[in-house]
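Numbering (my numbering), first residue to last: 6 to 318.
What follows is a short report on a single structure.
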Ligand SMILES: [Zn+2]
Ligand SMILES: [Zn+2]
């Protein structure tokens, strides 16, 4: 952290010498060398490996303190009742009472932050030095009945990115595959998928659907208005009870364990490919959420059964 911090006690706007023995008491355990008797601590290192040069004059200066050293700064301030000055333009002071604020030099008084002694920690100092921006508000995603949580599956991510279709930064962007001859470069927002805008404008589609496995309406919705997801191999969106399945996410052997119905379904698929039990079990055990072969977990919209599709490599 490229900044300096000073710990000073003020009375009526003037600096009052800090209690050097208290400062030494706090800092000496963190000096990575033998501090000569009667001398102030000149260098500290904390358990997280952060260090700072320390100078004692009327107050204590810490030169470029790391995160762990900020806890020591806080402790010196708590124990001596001194103010923490964050050098910068303008400088900011942290004091532990309203009364201490009134003792600050006039130019520091108004912008000073009052933190109760018990709450004064390195983390609080860090917050004052570099406040974390408020997380951006992101609107609700549109409903996707066949892919209800595209954020959980990774097909939609929070992003400050302009949608290539609507030209707006909606706070979300689609990361899955987009197919079609006239698809522009760049990613689309989930709203342009849900409302069919990207499909209408570019003839874009996001998923392959096998013909005649489900009603046309469902097939169209999955193809044109449902976020896609990457697979290692091409296979059509599976159906159950005459409707498209609800995609719950990629899965490995571990993720499939709570879904014996999906595992049975997968074993059934293996049998259809003419695999014996040993080959099937090896395959199921090797399934990996991140790398091939991967399984893809679905749930039936009608009967609730879980089932799985997989890449067979
Ligand atoms: Zn858009
Ligand atoms: Zn079903």
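Backbone N, C-alpha and C fix where the C-beta goes; we use that ideal spot for every residue, glycine too.
In this text the structure is predicted, and so the values were computed from the model without any measurement.
TODO: Assign residue 175 to one of three DSSP states: helix, strand, or coil.
DONE: Here residue 175 corresponds to residue number 170 of the chain shown, with the count starting at 1. For residue 175, the three-state secondary structure derived from DSSP is coil.
Task: Close-in-space but distant-in-sequence residues of the same chain around residue 124 (CB under 8 Å, 5 per side omitted) - done: The residue given as residue 124 occupies position 119 in the chain shown. Around residue 124: no qualifying Cβ.
TODO: Mark residue 42 as exposed unless 16 or more other C-beta atoms lie within 10 angstroms of its C-beta, in which case mark it buried.
DONE: As a first step, residue 42 is located in the chain shown; it is residue number 37 there, counting from the start. Exposed.
TODO: Work out the CA separation of residue 297 and residue 209 for me, nearest whole Å.
DONE: Taking the first residue of the chain shown as 1, we reach residue 209 at position 204. Taking the first residue of the chain shown as 1, we reach residue 297 at position 292. Each residue's Cα considered, the two are about 27 Å apart.
- [ ] Compare the Cα-Cα distances from residue 280 to each of 157, 206, 146 and 317 and report the closest residue.
- [x] The residue given as residue 280 occupies position 275 in the chain shown. The shortest CA-to-CA distance from residue 280 to any of 157, 206, 146 and 317 is the one to 317.
- [ ] Tell me whether the beta-carbon of residue 72 lies closer than 9 Å to the beta-carbon of residue 149.
- [x] Taking the first residue of the chain shown as position 1, residue 72 is located at position 67. Taking the first residue of the chain shown as position 1, residue 149 is located at position 144. Not a contact, by the Cβ cut-off of 9 Å.
Task: Short Cβ contact (9 Å threshold) for residue 14 with residue 85 - done: Here residue 14 corresponds to residue number 9 of the chain shown, with the count starting at 1. Here residue 85 corresponds to residue number 80 of the chain shown, with the count starting at 1. In this structure, residue 85 lies closer than 9 Å to residue 14 by Cβ.
- [ ] Name the residue from 50, 93 and 300 whose alpha carbon lies nearest to the alpha carbon of residue 78.
- [x] Stepping through the chain shown from its first residue, residue 78 is reached at position 73. Of the listed residues, the one whose Cα sits closest to residue 78 is 50.
Task: For residue 196 and residue 176, the rounded distance between their alpha carbons - done: If you number the chain shown from 1, residue 176 lands on position 171. If you number the chain shown from 1, residue 196 lands on position 191. So the two alpha carbons sit approximately 11 Å from each other.
Task: Separation of residue 144 from residue 167, as counted between CA atoms - done: In the chain shown, residue 167 corresponds to position 162, counting from 1. In the chain shown, residue 144 corresponds to position 139, counting from 1. Looking at the two C-alpha atoms, the distance is approximately 15 Å.
Task: Three-state secondary structure (DSSP) of residue 284 - done: Residue numbering aside, residue 284 sits at position 279 when the chain shown is read from its first letter. Three-state DSSP puts residue 284 in a helix.
Open item on the list: Pull the bridge partners of residue 301 from the DSSP assignment, please.
Closed with: Position 296 of the chain shown, counted from the first residue, corresponds to residue 301. Bridge partners of residue 301: 255 and 314.
Task: Nonlocal neighbours in the same chain, by C-beta distance under 6 Å from residue 228, ignoring five residues either side - done: Residue mapping note: residue 228 aligns to position 223 of the chain shown, counting from 1. Excluding sequence positions up to five before and after residue 228, its CB lies within less than 6 Å of the CB of 210, 212 and 214, all in the same chain and listed in chain order.
- [ ] Anything with a beta carbon under 7 Å from a heavy atom of ligand 1 counts; list them all in chain order.
- [x] 168, 170, 171, 173, 175, 193, 194, 196, 197 and 202
- [ ] Using DSSP bridges, identify the partner residues of residue 245.
- [x] What you label residue 245 is simply residue 240 of the chain shown in a count that begins at 1. For residue 245, which the question treats as bridged, DSSP gives the partners 248.
Task: Local Cβ density within 10 Å of residue 160, reported as buried at 16 or more and exposed below that - done: Along the chain shown, one-based indexing puts residue 160 at 155. Buried: at least 16 other Cβ atoms inside 10 Å.
- [ ] Compute the minimum distance between the beta carbon of residue 249 and the heavy atoms of ligand 2, and state whether it is under 8 Å.
- [x] For this step, residue 249 is matched to residue 244 along the chain shown. Taking the Cβ of residue 249 as the reference point, every heavy atom of ligand 2 lies at 8 Å or farther away.
TODO: Report yes if the CB atom of residue 198 is closer than 9 Å to the CB atom of residue 91, and no otherwise.
DONE: Within the chain shown, residue 198 is the residue found at index 193, counting from 1. Within the chain shown, residue 91 is the residue found at index 86, counting from 1. Not closer than 9 Å, so no.
- [ ] Can you grab the Cα-Cα spacing for the pair residue 6 / residue 122, in whole Å?
- [x] Here residue 6 refers to the residue found at position 1 when the chain shown is read from its first residue. Here residue 122 refers to the residue found at position 117 when the chain shown is read from its first residue. Confidence at residue 6 is low in this model, with a pLDDT of 41, below 50, so its placement is unreliable and the value that follows should be read with caution. Approximately 24 Å between the Cα atoms of the pair.
Open item on the list: Give the list of continuous beta strand (DSSP E) stretches no shorter than 3 residues that lie fully inside the segment 168-225.
Closed with: 177-179
Task: Among 239, 243, 182 and 206, nearest to residue 223 - alpha-carbon criterion - done: Counting from one through the chain shown, the residue named residue 223 turns up at place 218. Ranking 239, 243, 182 and 206 by Cα distance to residue 223 puts 243 first.
Task: Whole-Å CB distance - residue 314 paired with residue 240, under 8 Å assumed - done: The residue you call residue 314 lines up with position 309 of the chain shown. The residue you call residue 240 lines up with position 235 of the chain shown. Confirmed, about 6 Å.
Open item on the list: Checking 9 Å against the spacing of the C-beta atoms, do residue 253 and residue 303 come in under that value?
Closed with: For this step, residue 253 is matched to residue 248 along the chain shown. For this step, residue 303 is matched to residue 298 along the chain shown. Going by beta carbons, residue 253 and residue 303 fall inside the 9 Å limit.
Open item on the list: Quick check: the Cα distance between residue 291 and residue 207, rounded to an integer number of angstroms?
Closed with: Here the question's residue 291 lines up with position 286 in the chain shown. Here the question's residue 207 lines up with position 202 in the chain shown. If I take the Cα positions, the gap works out to 39 Å.
- [ ] Can you have a look at residue 76 and say buried or exposed, based on whether 16 or more other CB atoms are within 10 angstroms of its CB?
- [x] Position 71 of the chain shown holds residue 76. Label assigned to residue 76: buried.
- [ ] Establish whether the CB of residue 65 and some CB of chain C are separated by less than 9 Å.
- [x] Absent from the structure: chain C. Only one protein chain is present.
Task: Coil, strand or helix - residue 102 by DSSP - done: On the chain shown, position 97 is the one that residue 102 refers to. Correct three-state label for residue 102: coil.
Open item on the list: Can you tell me whether residue 273 sits near ligand 2, meaning its C-beta is under 8 Å from at least one heavy atom of the ligand?
Closed with: Position 268 of the chain shown holds residue 273. Not one heavy atom of ligand 2 is found less than 8 Å from the C-beta of residue 273.
Task: Proximal residues to residue 152 (C-beta, below 6 Å), its chain only, five neighbours per side dropped - done: The sequence position of residue 152 within the chain shown is 147, counting from 1. Apart from the 5 residues on each side of it in sequence, residue 152 sits with its Cβ closer than 6 Å to the Cβ of 231, 232 and 252 in its chain, given in chain order.
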